[in-house]
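Positions -28 to -1, 1 to 138 (mature numbering (1 follows the signal peptide of the UniProt record, and there is no 0)) are the ones given, in order, by the sequence shown.
For each residue, glycine too, the CB sits at the ideal point set by N, CA and C.
Structure record follows, encoded as structure tokens.
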Amino acid sequence: MTTPSTIILKCSILLTTLLAFEARETIAYSFAYNVTIFIYNKVLAPTPADITVHCKSKDDDLGDHTLMPGESYVFSFKPTHLPFKNTLFFCSFTWPGNPHRHYLDIYDEAHDECKHCSWDINVNGGCLNDGKCVPWKSIAFMESYNTSKWPGEKGLHELAHGHPLT
């Protein structure tokens, strides 16, 4: 037969374990550094063109932002830094005269180490501040409608549009 003190001891151990896991997530998030993403419009198709950028993650949808040639869009966030969780931001890019939506992973915590990631977007894909250029991850024919799946701005801080490059 189980005594009341044994039941209380087992419940206390279970509660302590659960609280330790919750505290670990809270502490990891509060000490995490911010990552800032800079996206620059370098599209020349065949002449300089405005681009529409739409970035999102599993939890955050930043909406559409139109950038004139040379203009930038900037946002920041805190990566998860937790095992079995990975922060991934991807963006779609469109511009006049091209009926396709171009996709690029802008930040993937699994392999990106930059805290200030600067992307130059062109017709072939994007180039990071370290000189590494990547082609579009995928290209899709645009539908006449575009709705977002993920609302919300949990833990996200948009810094707004930058000024055109001089």
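*Would you mind giving the Cβ-Cβ distance between Lys87 and Tyr5, rounded to the nearest angstrom? I have them listed as a contact below 8 Å.*
Position 115 of the sequence shown holds residue 87. Position 33 of the sequence shown holds residue 5. Contact flag correct, Cβ pair sits at about 6 Å.
*Pick helix, strand or coil for Pro(-25), following the three-state DSSP scheme.*
Counted from its first residue, the sequence shown places residue -25 at position 4. Residue state, collapsed to three classes: helix.
*Endpoints, the beta strand (DSSP E) within which Trp91 is located*: For the purposes of this step, residue 91 is taken as the residue at position 119 of the sequence shown. Taken as a continuous stretch (DSSP letters only), the beta strand (DSSP E) holding Trp91 covers His88 to Asn94.
_What does the Cβ neighbour count give for Lys104, buried or exposed, with the cut at 16 atoms within 10 Å?_
Residue mapping note: residue 104 aligns to position 132 of the sequence shown, counting from 1. With fewer than 16 other Cβ atoms within 10 Å, it is exposed.
*Sorted by chain position, which residues of the same chain lie with C-beta nearer than 8 Å to Ala112's C-beta, five sequence neighbours on each side aside?*
Numbered from its first residue, the sequence shown carries residue 112 at position 140. Excluding positions up to five away in sequence, the list reads His72, Arg73 and Tyr75.
*By how many angstroms is the C-alpha of Thr8 removed from the C-alpha of Glu81?*
Indexing the sequence shown from 1 puts residue 81 at position 109. Indexing the sequence shown from 1 puts residue 8 at position 36. Rounded to the nearest angstrom, the two C-alpha atoms are 13 Å apart.
*asked:* Which of the three DSSP states is assigned to Lys109 in this structure?
replied: Start at 1 with the first residue of the sequence shown, and residue 109 comes out as number 137. Coil at Lys109, not helix or strand.
*Tell me whether Lys28 sits in a helix, a strand or coil according to DSSP, three-state version.*
Here residue 28 corresponds to residue number 56 of the sequence shown, with the count starting at 1. Note: Lys28 maps to strand in three-state DSSP.
*Whole-angstrom distance between Thr(-26) and Phe62, CA atom to CA atom*: Looking up residue 62 in the sequence shown gives position 90. Looking up residue -26 in the sequence shown gives position 3. Near 55 Å, if we compare the C-alpha coordinates of Thr(-26) and Phe62.
*Whole-angstrom distance between Phe56 and Thr(-23), CA atom to CA atom*: What you label residue -23 is simply residue 6 of the sequence shown in a count that begins at 1. What you label residue 56 is simply residue 84 of the sequence shown in a count that begins at 1. Those two C-alpha atoms are separated by around 34 Å.
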